[in-house]
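Here the structure comes first, spelled out in structure tokens, and everything after it is commentary.
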Amino acid sequence: MSLSREQIAQRVAQEFNDGDYVNLGIGIPTLAANYVPADIEVMLQSENGLLGMGPYPTKASVDADMINAGKETVTAATGAAIFSSAESFAMIRGGHVDVTVLGAFEVDQNGNIASYMIPGKLVKGMGGAMDLVAGADNIIITMTHANKHGESKLLTQCTLPLTGVSCITKVITDLAYMEIENGEFVLKERAPGVSVEEIRSKTAGQLRVDGDIPEMNFV
Amino acid sequence: MSLSREQIAQRVAQEFNDGDYVNLGIGIPTLAANYVPADIEVMLQSENGLLGMGPYPTKASVDADMINAGKETVTAATGAAIFSSAESFAMIRGGHVDVTVLGAFEVDQNGNIASYMIPGKLVKGMGGAMDLVAGADNIIITMTHANKHGESKLLTQCTLPLTGVSCITKVITDLAYMEIENGEFVLKERAPGVSVEEIRSKTAGQLRVDGDIPEMNFV
Amino acid sequence: MAGFDKVVSSYQEAMAGLQDNMTVIAGGFGLCGIPEGLIAEIKNKGTKGLTVVSNNCGIDGFGLGILLEDKQIKKMVSSYVGENALFEKQLLNGELEVELTPQGTLAEKMRAGGAGIPAFYTATGYGTPVGEGKESREFNGRQYILEESITGEFAIVKAWKADRYGNCIYRHTAQNFNPMAATAGKITVVEVEEIVEPGELSPTEIQTPGIYVDRVILGQFEKRIEKITTSD
Amino acid sequence: MAGFDKVVSSYQEAMAGLQDNMTVIAGGFGLCGIPEGLIAEIKNKGTKGLTVVSNNCGIDGFGLGILLEDKQIKKMVSSYVGENALFEKQLLNGELEVELTPQGTLAEKMRAGGAGIPAFYTATGYGTPVGEGKESREFNGRQYILEESITGEFAIVKAWKADRYGNCIYRHTAQNFNPMAATAGKITVVEVEEIVEPGELSPTEIQTPGIYVDRVILGQFEKRIEKITTSD
Chain A
32 MSLSREQIAQ RVAQEFNDGD YVNLGIGIPT LAANYVPADI EVMLQSENGL
82 LGMGPYPTKA SVDADMINAG KETVTAATGA AIFSSAESFA MIRGGHVDVT
132 VLGAFEVDQN GNIASYMIPG KLVKGMGGAM DLVAGADNII ITMTHANKHG
182 ESKLLTQCTL PLTGVSCITK VITDLAYMEI ENGEFVLKER APGVSVEEIR
232 SKTAGQLRVD GDIPEMNFV
Chain B
32 MSLSREQIAQ RVAQEFNDGD YVNLGIGIPT LAANYVPADI EVMLQSENGL
82 LGMGPYPTKA SVDADMINAG KETVTAATGA AIFSSAESFA MIRGGHVDVT
132 VLGAFEVDQN GNIASYMIPG KLVKGMGGAM DLVAGADNII ITMTHANKHG
182 ESKLLTQCTL PLTGVSCITK VITDLAYMEI ENGEFVLKER APGVSVEEIR
232 SKTAGQLRVD GDIPEMNFV
Chain C
16 MAGFDKVVSS YQEAMAGLQD NMTVIAGGFG LCGIPEGLIA EIKNKGTKGL
66 TVVSNNCGID GFGLGILLED KQIKKMVSSY VGENALFEKQ LLNGELEVEL
116 TPQGTLAEKM RAGGAGIPAF YTATGYGTPV GEGKESREFN GRQYILEESI
166 TGEFAIVKAW KADRYGNCIY RHTAQNFNPM AATAGKITVV EVEEIVEPGE
216 LSPTEIQTPG IYVDRVILGQ FEKRIEKITT SD
Chain D
16 MAGFDKVVSS YQEAMAGLQD NMTVIAGGFG LCGIPEGLIA EIKNKGTKGL
66 TVVSNNCGID GFGLGILLED KQIKKMVSSY VGENALFEKQ LLNGELEVEL
116 TPQGTLAEKM RAGGAGIPAF YTATGYGTPV GEGKESREFN GRQYILEESI
166 TGEFAIVKAW KADRYGNCIY RHTAQNFNPM AATAGKITVV EVEEIVEPGE
216 LSPTEIQTPG IYVDRVILGQ FEKRIEKITT SD
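Chains as they are written, first to last, in our numbering: chain A, 32 to 250; chain B, 32 to 250; chain C, 16 to 247; chain D, 16 to 247.
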């Protein structure tokens with residue numbers, strides 16, 4: 032069975048370590064905040080200028096001056112810091128954020144990512160995505176393995192305009208967890224009940240399968 | 032009569048306008064703060080990170096954490112701001128300081144300045160001087176017209192290593208107030224009782240004298 | 016200190032000198048921390064052909080979006096311009112130009128502009144459409160592109176409080192691009208919720224020192240929220 | 016949040032991992048705002064061959080000056096190194112190297128290092144000995160030189176207060192180079208006058224967010240003053 036959005040988010044959260052500063056993109060990445068293992072703590076960075084993002088506010092405490100990078104009303108967690116956009120991206124671009132989780136349209140076997148622009152469709156902009164992929168060492172991409180036409184999004188070479196080059200090392204899809212090494216997708220884990228053959232058939236890029244591939248473990 | 036240090040400082044202060052942000056170097060420039068005309072106000076910037084420098088503290092209120100760029104204990108004036116060295120030099124290098132007053136060893140007719148290094152003597156460093164001369168539009172140099180051997184410090188071309196190129200437009204010495212324009216020192220005012228001939232004899236660089244040169248006016 | 020009193024009493028005075036074809040740098044992130052009254056004054060003034068540098072262009076009918084209604088903006092320099100149907104229409108019509116700039120690069124370009132740094136290298140955008148036509152160079156085994164800084168004839172900024180000398184503080188995440196915008200305008204105008212006397216803000220809490228600020232005006236803010244999300 | 020508690024209880028722990036020939040970036044301006052206990056620990060540890068990046072090198076017998084006594088510093092990157100006879104002696108002997116860097120360029124190099132900017136252009140130093148051997152380039156009719164950023168294996172910082180997460184605030188002009196130094200160390204150690212619980216510092220007053228900080232230690236400070244000048 033392919034993973035639900037929540038299960039992808041849950042698998043992502045297993046990659047967090049105690050004390051990680053984490054930036055979560057809009058969509059599935061944001062859901063990962065709900066699955067942080069109970070024995071660790073992470074601190075969420077929001078690129079509009081907030082380190083230590085808390086939960087959504089109660090209706091009574093909504094404040095127009097307190098938003099996240101998705102322009103949603105949020106709160107500041109205990110011990111949070113608030114700063115300018117230049118400072119926020121100094122953190123991001125300077126490599127101080129430990130983990131970045133983002134969605135994508137395509138990822139290729141050389142770690143390139145395309146996530147912000149489909150030619151012919153209106154371009155809304157890259158926001159902070161190009162800075163995030165250029166600044167982080169540990170980037171986790173979440174997406175479906177194939178698009179709605181069944182075409183693989185894990186390619187030999189990205190076909191869409193790039194958001195960043197040679198920067199992606201981990202991809203978590205509804206079918207598998209893969210790392211990117213030496214120009215190959217290396218299959219590390221399968222979604223429960225999904226076969227290596229199915230993953231192979233839906234991976235257009237070079238896929239390496241070393242020995243038995245375990246299923247993901249959801250507690 | 033050549034001007035005293037205090038008179039040079041007094042003449043410098045006449046160049047200030049109401050509302051100017053001013054950076055004063057160590058020595059004679061610092062004295063100019065004592066002669067700000069009564070009908071105007073200026074705000075002093077100290078490059079270690081203080082805008083709105085006040086007077087020295089009383090003995091009882093000396094604070095090791097409150098110093099100026101000369102490492103002297105100071106106070107903050109009402110409405111002062113305190114910030115990092117990067118912010119301080121963003122102000123200076125970004126051209127936000129209205130007037131900078133500095134000492135020099137030599138100035139030449141092309142507006143070059145040498146002020147931080149005498150080869151053969153130990154070099155202590157330029158501190159913020161190179162940033163100040165590169166960042167300000169309105170730089171006033173204060174110095175004696177000649178060195179203790181009677182040699183002119185207003186040259187055709189600086190002989191010492193430069194602090195900055197083509198950046199100086201005003202020089203106030205113990206003998207004269209000059210502006211630098213089109214590769215010449217243009218004599219604007221004489222110290223009271225000092226003749227144009229004396230100034231000419233002590234100016235090695237090209238000196239332009241247009242018509243009658245008034246004496247400086249000290250109220 | 017008459018010379019340091021930056022407070023003006025009308026929006027006309029606040030935006031005096033703004034002319035067609037100028038560049039205006041605006042603080043704000045979406046609708047958060049935007050100088051609502053200064054934007055309204057630009058609309059009232061009818062200035063045309065503006066280049067506006069701002070992370071976003073507001074939404075239809077609010078924020079910078081209102082300057083699209085009379086086609087006052089010639090070009091936007093932004094990182095994200097969704098949420099705006101009129102923007103989309105003018106862009107497709109060729110009535111509006113957009114220079115998409117990564118968010119961090121945009122913040123750094125404003126800061127650099129204000130700090131006298133004409134250009135800097137960044138890894139952001141290397142190998143992407145953003146890097147096309149820009150110089151690239153290797154430092155320590157990694158590729159970077161050269162980005163030039165941004166300054167404008169005007170900067171419009173929203174602060175929480177300012178004193179008469181123009182020293183500003185910002186409230187929560189309404190800070191965003193405002194401090195950088197404040198440094199990058201030849202004339203910087205700040206619209207605030209409260210004007211205080213010099214000395215009421217402690218020197219260390221000041222986020223934008225008054226040296227960057229030319230005019231301060233007391234505003235009234237609607238503070239519309241783009242996405243109200245709550246836990247209850 | 017065990018993972019975010021940066022507080023260490025000994026100077027040995029604070030400077031653990033410092034090895035010969037590393038680069039140490041130090042906050043402080045003269046003797047103001049310097050991490051006195053961390054400097055003392057480096058002296059006690061006897062680490063040699065250090066490159067120290069700091070605006071000044073203290074004075075004889077105090078501040079970074081004490082690291083000269085056992086010749087622990089190989090190279091200083093500073094804007095001003097007067098007030099120090101031992102420094103002068105070692106420099107003339109060839110035992111010590113100095114890279115004089117304009118004060119603003121030094122501050123910007125540290126900031127750039129922490130912010131992932133490998134190099135930037137500045138007008139400061141063009142046409143002077145500082146610009147020799149560096150690329151120069153014209154932007155908008157003016158000449159600038161290319162300066163590369165600075166990072167170090169360690170940064171040693173002095174703050175006023177920090178919470179357990181490493182969020183820091185500075186007191187008065189003891190801020191100086193400390194916030195930039197804090198961003199530029201692979202391992203950043205902050206020595207403070209007071210440790211508080213998370214939440215005691217308001218989010219907006221925090222000057223160095225804890226993300227830049229690896230270790231926090233409570234110190235005792237002599238706070239020697241270089242030039243006591245008074246009005247009475």
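Heads up, the beta-carbon is just placed ideally off N, CA and C, and yes, glycines get one too.
Quiz item: Are the C-beta atoms of proline 60 of chain B and some chain D residue less than 9 Å apart?
Solution: Closer than 9 Å: no.
Quiz prompt | Residues within the region 190-219 of chain C neighbouring chain D, beta-carbon criterion of under 9 Å | solution = In summary, the residues of the region 190-219 of chain C whose CB is separated from some CB of chain D by less than 9 Å are Gln190, Pro218, Thr219, in the order they occur in the chain.
Practice problem: State buried or exposed for proline 86 of chain A, treating a residue as buried only when at least 16 other CB atoms are found within 10 Å of its CB. | Solution: When all chains shown are included, proline 86 of chain A counts as exposed.
Quiz item: Taking the alpha-carbon positions, what's the threonine 137 of chain D to aspartate 70 of chain A distance?
Solution: Taking the Cα positions, threonine 137 of chain D is about 48 Å away from aspartate 70 of chain A.
Quiz item: What's the gap between the Cα of asparagine 99 of chain A and the Cα of lysine 176 of chain C?
Solution: Straight through space, the alpha carbons of lysine 176 of chain C and asparagine 99 of chain A are spaced by roughly 22 Å.
Exercise. For glutamate 141 of chain C, go through chain D and note every residue whose CB falls closer than 9 Å to its CB, in chain order.
Key: Glutamate is not the amino acid found at residue 141 of chain C; the sequence shown has tyrosine there. Simply none; closest approach about 12 Å.
Self-check item: CB contact check: valine 73 of chain A to chain C, cutoff 9 Å
Solution: It does not: the Cβ of valine 73 of chain A has no partner Cβ on chain C nearer than 9 Å.
Quiz item: Who does serine 77 of chain A pair with in a DSSP beta bridge?
Solution: According to DSSP, which records beta bridges pairwise, serine 77 of chain A is partnered with A:Leu81.
Quiz prompt | Proximity to glycine 151 of chain A [Cα-Cα], best of A:Ala207, A:Phe216, A:Leu191 | solution = Considering only alpha carbons, the answer is A:Leu191.
Practice problem: Measure the alpha-carbon distance for leucine 79 of chain C versus valine 132 of chain A and round it to whole angstroms. | Solution: Looking at the two C-alpha atoms, the distance is approximately 30 Å.
Practice problem: Below 8 Å on the Cβ atoms is my guess for glycine 119 of chain D versus isoleucine 171 of chain B; work out the distance and round it to an integer in Å. | Solution: Actually they are not in contact, since the Cβ atoms of glycine 119 of chain D and isoleucine 171 of chain B sit about 19 Å apart, beyond 8 Å.
Quiz prompt | Any C-beta of chain C under 9 Å from that of alanine 174 of chain D | solution = Judged by the 9 Å Cβ criterion, alanine 174 of chain D is not in contact with chain C.
Quiz item: How about glutamine 38 of chain B and phenylalanine 249 of chain B: are their beta carbons less than 9 Å apart?
Solution: Closer than 9 Å, so yes.
Quiz item: Near serine 33 of chain B, what residues of its chain come up, given a Cβ to Cβ distance below 7 Å and the 5 sequence neighbours on each side ignored?
Solution: Spatial neighbours of serine 33 of chain B in its own chain (CB-CB distance under 7 Å, excluding positions within 5 residues in sequence) are listed in chain order as Asp205, Leu206, Ala222, Val225.
Practice problem: Report yes if the CB atom of glycine 167 of chain D is closer than 9 Å to the CB atom of lysine 201 of chain D, and no otherwise. | Solution: Against a cut-off of 9 Å, the Cβ pair of lysine 201 of chain D and glycine 167 of chain D comes out as a contact.
Self-check item: Opening and closing residue of the beta strand (DSSP E) in which tyrosine 227 of chain D lies
Solution: First-last for tyrosine 227 of chain D: undefined, no H or E at that position.
Quiz item: Can you tell me whether DSSP reads glycine 18 of chain D as helix, strand or coil?
Solution: Collapsing the DSSP output to three states places glycine 18 of chain D in a helix.
Self-check item: Nearest-angstrom Cβ-Cβ length linking threonine 61 of chain C and asparagine 36 of chain C, presumed shorter than 8 Å
Solution: Per the sequence shown, the amino acid found at residue 61 of chain C is glycine instead of threonine. Not quite, the Cβ-Cβ distance comes to about 13 Å (not below 8 Å), so this is no contact.
Quiz item: Between B:Gly83, B:Ile59, B:His180, B:Val43, which lies nearest to phenylalanine 19 of chain C when the distance is taken from Cα to Cα?
Solution: Minimum Cα distance to phenylalanine 19 of chain C is reached at B:Gly83.
Quiz item: Among the residues of its own chain, which have a CB less than 7 Å from the CB of glutamine 34 of chain C, if the five just before and after it don't count?
Solution: Excluding residues up to 5 positions away in sequence, Thr62 lie with their Cβ nearer than 7 Å to the Cβ of glutamine 34 of chain C in the same chain.
Quiz item: Does any CB atom of chain C fall closer than 9 Å to the CB of lysine 102 of chain A?
Solution: Cβ-Cβ to chain C under 9 Å: yes for lysine 102 of chain A.
Self-check item: Inter-stretch contact (C-beta, 8 Å, three-pair minimum) for the region 38-46 of chain D and the region 66-79 of chain D
Solution: Contact between the region 38-46 of chain D and the region 66-79 of chain D is present, because at least three Cβ pairs lie under 8 Å.
Exercise. Please work out which residues of its chain come closer than 6 Å, Cβ to Cβ, to methionine 16 of chain C, disregarding the five sequence neighbours upstream and downstream, and give them in chain order.
Key: With a pLDDT of 45 at methionine 16 of chain C, under the threshold of 50, the modelled position of this residue cannot be trusted, and the question is left open.
Practice problem: Check the C-beta distance from alanine 63 of chain A over to alanine 44 of chain A and give it rounded, since I have them as a contact under 8 Å. | Solution: That pair is a contact at about 5 Å.
Quiz item: Are the C-beta of alanine 40 of chain A and some C-beta of chain C separated by less than 9 Å?
Solution: It does not; no Cβ of chain C falls within 9 Å.
Exercise. Assign glycine 32 of chain C to one of two classes, buried (16 or more other C-beta atoms within 10 Å of its C-beta) or exposed (fewer than that).
Key: Exposed, by the Cβ-count rule.
Quiz prompt | Residue range of the unbroken beta strand (DSSP E) whose run includes methionine 122 of chain B | solution = Secondary structure note for methionine 122 of chain B: it is in no beta strand (DSSP E), and the uninterrupted alpha helix (DSSP H) holding it is 116-124.
Exercise. Go to valine 164 of chain A, then tell me how far its alpha helix (DSSP H) extends in each direction, as first and last residue.
Key: Valine 164 of chain A -> alpha helix (DSSP H) spans 160-166.
Quiz item: When you compare only the Cα positions, how much space is there between lysine 173 of chain D and valine 207 of chain D?
Solution: One C-alpha to the other measures close to 6 Å.
Quiz prompt | Closer than 9 Å at the beta carbon, the chain A residues around threonine 66 of chain C | solution = For a Cβ distance threshold of 9 Å, nothing in chain A lies close to threonine 66 of chain C: the least Cβ distance comes to about 17 Å.
Quiz prompt | Length of the line joining the Cα atoms of glutamate 28 of chain C and isoleucine 57 of chain C | solution = Cα to Cα, the separation comes out at about 12 Å.
Quiz prompt | Start-end ranges of the alpha helix (DSSP H) lying completely within the region 86-140 of chain D, minimum 4 residues | solution = You should have 100-108, 118-129.
Quiz prompt | Identified DSSP bridge partners for aspartate 178 of chain C | solution = Answer is C:Val211.
Exercise. For arginine 157 of chain D, write down the residues that DSSP places opposite it in a beta bridge.
Key: For arginine 157 of chain D, which the question treats as bridged, DSSP gives the partners D:Phe154.
Quiz item: Counting contacts by CB-CB distance shorter than 9 Å, is arginine 230 of chain D in contact with chain A?
Solution: So, not an interface residue.
Quiz item: Any beta-carbon of chain A closer than 9 Å to the one on proline 224 of chain D?
Solution: True, the Cβ-Cβ gap to chain A drops below 9 Å.
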